[in-house]
Amino acid sequence: MNDTEKVVLEGGPDDLPERIVRAPAPGPDVKIELRNGYEHFRPTSRQADTPEGRLAVYEWWERTEMPG
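Going by full-length UniProt numbering, the residue at position 44 of the sequence shown is 44; the numbering climbs one at a time, nothing skipped.
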């Protein structure tokens, strides 16, 4: 993946600011900072049709808290 590729996020908190995000490189997971923690999303084998085209679907799998 490169830093211009976008993915669609599925699951996780209802108040995520964006559901279509740039996929960070390197690494397969997407980590979104939210409410003093991080929401973690993993790639799936699925794709979804979105307003920005057909994108890979990443699904929520865990939340981690920031230290402090």
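Glycine residues also receive a C-beta, built at the ideal position from the N, C-alpha and C atoms.
{"Query": "Answer yes or no: do residue 108 and residue 56 have a C-beta to C-beta separation smaller than 8 Å?", "Result": "As shown, the chain starts at 1 and ends at 68. That puts residue 108 outside it, with no answer to give."}
{"Query": "For residue 47, does the count of other Cβ atoms within 10 angstroms reach 16, so buried, or fall short, so exposed?", "Result": "exposed"}
{"Query": "What are the partner residues of residue 34, as DSSP defines its beta bridges?", "Result": "37"}
{"Query": "According to the neighbour-count rule (16 or more other Cβ atoms, all chains shown, within 10 Å of its Cβ), is residue 62 buried or exposed?", "Result": "exposed"}
{"Query": "Taking residue 54 as part of the beta strand (DSSP E), name the residues at either end of that continuous run.", "Result": "53-65"}
{"Query": "From this set, 54, 52, 58, which residue's C-alpha is nearest residue 40's C-alpha?", "Result": "58"}
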